[in-house]
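Heads up: the sequence lines are chains A and B, in that order. Per the numbering used here, residue 1 is the first one in the first sequence, and the count goes up by one each step. Per the numbering used here, residue 1001 is the first one in the second sequence, and the count goes up by one each step. The C-beta atom is built at its ideal place from N, Cα and C for all residues, glycine as well. One structure is given below, encoded as structure tokens.
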Amino acid sequence: MPHSDIRVCAVTKRYRGSATSALRGVDIDARRGEFLGLLGPNGAGKTTLLSIITGVLRPSTGTVEVRGAGMHADRRRALSAMGFVPQEIALYGTLTARENLAYFGRLQGLDRATLAARSAELLERTGLATRADEPVRQWSGGMQRRLNLITALLHDPAVLVLDEPTVGIDVQSRTAIWEELQAINARGTTVLYSSHHLEEAERLCSRVVIIDHGQVAGEIADMRTRSGQERLEETFLRITGRALRDDPA
Amino acid sequence: MIRRVTAHIRKELLLLLRDRAGLALLFGMPVALVCIMAVVQDAPFKDFTENRVKVLLLDHDGGGVGRGIREGLEQAGPFIVTDGTGSGLSDADLRDRVRRGEQQVGVIVPAGLSDLLADRSTHQVASYFDLTTGEGAGPDTANVVLVIDPTVKQAFRSLVAGALERVLAGLSAQRLLTDLARRMSEMTGDSVDAPRIQGSFIGVEQRLAAKDLAGEKVALDSTQHNVPAWTIFAMFFSVVLLAGNMVKERDSGCMTRLLTMPGTTTDRILGRLAAYLFVCMAQTLLLLLVGRFALPWIGLAPLRLSGPAMVLLLFVAAAVVGLAATSFGILIGSFTRTQQQSAVLGSTAVVILSAIGGIWVPLYIMPDAMQALGRLSPLNWSMEAFNAVLLRGGAWTDLLPYLLPLLVFTCGCIALSVFGERRVARR
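Here it is, written out as structure tokens:
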């Protein structure tokens, strides 16, 4: 049996004061080296699940392990093995790219020399090196998104978790991010990728899990051998239905 | 842990350095406040020392009493006496001038006052020796009329009335002595000179309950009040910036990223505490320098410091105040959800706590109920700690009654912040 880099076991989550559960017994394994897509309509529970996997929220019941370390029993080891790219551009706009990387890198425990080398390499690889000493708020959305990504890669994590990493950017920047993610995955990093863009999932993911109504509603086991089969969008709608997912009144 | 705390400190300081409006709020505003408020409050602080009251005198008596009142007020110190007698000024004119604020006080000496005093004194002396009652000697008393500008404070009125009563008592006593001497001469046939009253036999010596500071006694003046007061205000006002940055950090997603990295809430709070403590110490240094060297340029007294030991004590007090202020900011930032909330709540809380805590005006001039309320304000404990050093020349032990509550306040704020930050960040 292949090793699991992320193991989610029977996770439930009910928010205080809520009558219903946001997650109802979710089980997911992200196997070492795979590119796992996490799809689902609005309100399906994706964000709650990602928050639990990344240690931001505690599950009501169930467990999460990252590389064998329990997220709540051995939090430091679990978090050290993981890089997280949030949906927001989680950077300090008045700091330069290099200062942002230095701050987050130090929090990951990198020493000065490693941090400098790693920052330079990642900035170069994503085409940001020439403007690395400018405040990030002066950058375009695409550049900020690329920096948002490489900030999570500074400590060379074994597992990378991404929440909608290409929202609101141009085609060029999105393509650059896709290529970077494929390269990272090719080097052995396990990627868990949450997105609304089915086209992205089709292009990038080796396996897709579809979440709906707080539980796993379906799975497409091998995306890379699907040519000629039903399009992902049709599969997604077949599993989740066509009913609109507006917020409850 | 040290590496992470250092990273947080560095980040907080960089964020501050890049925020020009924030720097102006932290350093420009308190410098402006110290200078403006020290100038504005200089006159009230000098009420009984350097400020002089303008007095317009109308002497209808023309005798020794009218002359004695003028000389007595002039010698009393805080009065500039203008004699309007013989200038055609009527009593009504005098009242008009005072009402218009041209003079703060008018004194009308009624006609015949010297004669009345002589008459009463003669009869009084006669009654000692001839056992007469002194009755039938005309009216018992007459009043010198004091006209006071309605806008003049009660303290000024008491000062003028007190000075005038002292002058009149002196004149009466002198007249009595003169009559007694004359009566003695008549009885013995020898010439007896009336003794001159040379001030009181028993006087009052004022001493400040402070140790000697550089060879001089330090009393509360505008500089000694405003420099520490606005230093404390500035430290506490940094909560607006600190709490705002915390909310911004959550809104931007940076907090989410931080929560997915190794490290604890304690690391982040320690980083913020240390960074803003550094800012508070820089504010203290700047405002002490302003008090010492800049205020004299605008005609105010310099901040008086007696030496390195006092400066050291001041910085210890400032460090504890800085910790309290920063922890209060962290508390506000931990429980507010928007930047507007943190700005309004932070600034309102600090303004109220400073107003009741004796920052704007000393606590002792407030009503009793307000004083009792003010003593619950951490800004009052801070002010008292600074006063203990600057005015009372206190030692370490004199500071503890004020610093210990501040430290307890700090610990309380931090404990609540840890709880609040976890709750809000993970909502």
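Cβ neighbours of residue i in the same chain (closer than 7 Å, five flanking residues each side left out)
i, result
"A/T63", "C9, G70"
"A/K46", "L38, G40, S194, I211"
"A/F104", "T151, L154"
"B/R1010", "none"
"B/T1223", "A1038, G1291, L1295, L1300, A1301, P1302, L1303"
"A/E34", "T190, S206, R207"
"A/I177", "R145, R146, L149, P165, T166"
"B/L1345", "I1332, T1336"
"B/L1406", "V1320, V1321, A1324, P1378, W1381, S1382"
"B/G1215", "Confidence at B/G1215 is low in this model, with a pLDDT of 42, below 50, so its placement is unreliable and the value that follows should be read with caution. Once the five neighbours on either side are set aside, B/G1215 has no close Cβ partner at all."
Pick from the options that is closest to residue i, judged by C-alpha positions
i, options, result
"B/F1237", "B/P1378, B/G1064, B/A1076, B/L1313", "B/P1378"
"B/A1038", "B/Q1339, B/L1303, B/G1028, B/I1414", "B/L1303"
"B/L1285", "B/A1309, B/P1228, B/G1101, B/I1332", "B/P1228"
"B/L1241", "B/A1325, B/T1265, B/A1169", "B/A1325"
"B/A1355", "B/P1296, B/L1057, B/I1232, B/V1081", "B/I1232"
"B/R1422", "B/G1333, B/T1006, B/F1156", "B/G1333"
"B/Q1371", "B/L1353, B/S1090, B/A1385, B/A1318", "B/L1353"
"A/V11", "A/V216, A/I239, A/A221, A/D222", "A/V216"
"B/L1176", "B/G1162, B/Q1154, B/L1159, B/S1127", "B/S1127"
"A/E134", "A/P157, A/R77, A/E99", "A/E99"
"B/F1129", "B/R1183, B/D1093, B/H1225", "B/R1183"
"B/G1170", "B/I1148, B/Y1364, B/D1190, B/R1196", "B/R1196"
"B/L1277", "B/M1310, B/F1293, B/A1234, B/A1309", "B/A1234"
"B/L1376", "B/L1287, B/V1239, B/F1409", "B/F1409"
"A/A117", "A/D156, A/L79, A/G241, A/W139", "A/D156"
"A/L95", "B/K1054, B/T1085, B/E1249", "B/E1249"
"A/V209", "A/A183, A/L50, A/S140, A/G17", "A/L50"
"B/G1120", "B/L1270, B/S1172, B/L1305, B/S1347", "The sequence shown places Arg at residue 1120 of chain B, not Gly. Nearest option by C-alpha distance: B/S1172."
"B/L1288", "B/G1420, B/L1273, B/V1311, B/L1270", "B/V1311"
"B/S1347", "B/H1008, B/A1007, B/L1026, B/I1002", "B/L1026"
"B/L1164", "B/R1067, B/D1096, B/V1031, B/M1029", "B/R1067"
"B/M1417", "B/L1273, B/L1363, B/G1393", "Correcting the residue identity first, residue 1417 of chain B is Ser in this sequence and not Met. Closest option to B/S1417, Cα to Cα, is B/L1273."
8 Å Cβ shell around residue i - same chain, five flanking residues per side excluded
i, result
"A/R58", "I52, H72"
"B/L1017", "L1023"
"A/Q144", "I89, L91, V136"
"B/G1063", "L1113, S1114, D1115"
"A/L115", "L101, A102, G105, R106, L154"
"B/V1247", "G1333, T1336, R1337, T1338, Q1339, Q1341, S1342"
"B/D1149", "V1098, R1099, G1101, Q1103, Q1104, V1105"
Contacts around residue i, its chain only, beta-carbon distance under 6 Å, and the 5 residues preceding and following it disregarded
i, result
"A/G214", "S21, A22, L23, R24, G45"
"B/L1448", "It is not possible to answer for residue 1448 of chain B, since the shown part of chain B is limited to 1001 through 1427."
"B/L1013", "A1275"
"B/I1108", "L1058, D1091, V1145"
"B/P1110", "H1060, A1142"
"B/L1314", "V1389"
"B/L1117", "V1065, R1175"
"B/T1122", "D1179"
"B/R1004", "G1263, D1267"
"A/S60", "T12, K13, R14"
Distance cut-off 6 Å: residue i Cβ against heavy atoms of the ligand PLP
i, result
"B/L1026", "Although the ligand PLP was asked about, the structure shown includes no ligands whatsoever."
Chain-ordered neighbours of residue i on chain D, where CB pairs are closer than 8 Å
i, result
"B/A1343", "In the structure shown, chain D does not exist; the protein chains are A and B."
Just checking, does the segment 164-175 of chain A make contact with the segment 195-206 of chain A on the three C-beta pairs under 8 Å criterion?
When C-beta atoms of the segment 164-175 of chain A are compared with those of the segment 195-206 of chain A, three or more pairs fall below 8 Å, so the two segments count as touching.
Looking at chain B, which residues of the segment 68-91 of chain A have a Cβ within less than 9 Å of any of its Cβ atoms?
Residues R75, R76, R77, L79, S80, M82, G83, F84, V85, P86, Q87, E88, I89, A90, L91.
Taking a cut of 7 Å between CB atoms, which residues from the segment 175-187 of chain A lie near chain B?
Here the close residues number zero.
Taking contact to mean 3 or more Cβ pairs, one atom from each stretch, closer than 8 Å, check whether the segment 1239-1256 of chain B and the segment 1355-1362 of chain B are in contact.
The segment 1239-1256 of chain B, when compared against the segment 1355-1362 of chain B, does not touch it at the 8 Å Cβ threshold.
What runs of the alpha helix (DSSP H), each 4 residues or longer, lie entirely inside the segment 1356-1396 of chain B?
Annotation: the segment 1356-1396 of chain B contains the following complete segments of the alpha helix (DSSP H) (minimum length 4 residues), in chain order: 1368-1374, 1378-1390.
Take every Cβ of the segment 1258-1269 of chain B, pair it with every Cβ of the segment 1019-1039 of chain B, and state whether three or more of those distances are shorter than 8 Å.
No, because fewer than three Cβ pairs between the segment 1258-1269 of chain B and the segment 1019-1039 of chain B fall closer than 8 Å, the two stretches do not touch.
Which parts of the segment 86-146 of chain A are runs of the alpha helix (DSSP H), unbroken and 4 residues or longer, counting only runs that do not cross its ends?
Taking only runs of at least 4 residues, the alpha helix (DSSP H) segments lying wholly in the segment 86-146 of chain A are 97-107, 112-125.
Under 8 Å (Cβ pairs) to chain A, residues found in the segment 1010-1026 of chain B:
Those residues of the segment 1010-1026 of chain B that come within reach of chain A (Cβ to Cβ, closer than 8 Å) are R1010, K1011, L1014, L1015, R1018, D1019.
Looking at C-beta atoms only, is the number of pairs between the segment 1409-1419 of chain B and the segment 1322-1337 of chain B that lie closer than 8 Å three or more?
The segment 1322-1337 of chain B and the segment 1409-1419 of chain B touch, with three or more beta-carbon pairs separated by less than 8 Å.
Using a beta-carbon distance cut-off of less than 9 Å, what residues from the segment 44-59 of chain A approach chain B?
Cβ contacts with chain B come from S51, T54, G55, V56, L57, R58.
At 4 residues or longer, and completely inside the segment 1247-1282 of chain B: list those alpha helix (DSSP H) runs for me, N to C.
Fully enclosed alpha helix (DSSP H) runs of 4 or longer: 1254-1259.
Specify whether the segment 1373-1389 of chain B and the segment 1397-1407 of chain B touch according to this definition: at least 3 beta carbon pairs, one from each stretch, less than 8 Å apart.
Here the segment 1373-1389 of chain B lies against the segment 1397-1407 of chain B, with 3 or more beta-carbon pairs under 8 Å apart.
Touch test, the segment 125-133 of chain A against the segment 83-91 of chain A, Cβ-Cβ under 8 Å, three pairs minimum:
Short answer: they don't touch.
Restricting to runs no shorter than 3 residues, where is the beta strand (DSSP E) found entirely within the segment 1104-1185 of chain B?
Within the segment 1104-1185 of chain B, the complete beta strand (DSSP E) runs of at least 3 residues are 1105-1109, 1145-1148.
Output, in sequence order along the chain, the residues in the segment 1239-1250 of chain B whose CB is closer than 7 Å to any CB in chain A.
Per Cβ criterion, the list is empty.
Using Cβ-Cβ distances below 9 Å, what residues of the segment 1250-1264 of chain B are close to chain A?
Hits within the stretch, in order: D1251, S1252, G1253, C1254, M1255, T1256, R1257, L1258, L1259, T1260, M1261, P1262, G1263.
Cβ-based contacts, 7 Å cut-off: residues of the segment 142-168 of chain A near chain B:
Within the segment 142-168 of chain A, no residue qualifies.
At a CB distance below 8 Å, what residues from the segment 103-130 of chain A approach chain B? Give them in sequence order.
Taking 8 Å as the Cβ-Cβ cut-off against chain B, the residues of the segment 103-130 of chain A that qualify are Y103, F104, R106, L107, Q108, G109.
In chain order, which alpha helix (DSSP H) runs of at least 4 residues are fully inside the segment 145-209 of chain A?
Taking 4 residues as the shortest admissible run, the segment 145-209 of chain A contains the following complete alpha helix (DSSP H) segments, listed from N- to C-terminal end: 171-186, 198-204.
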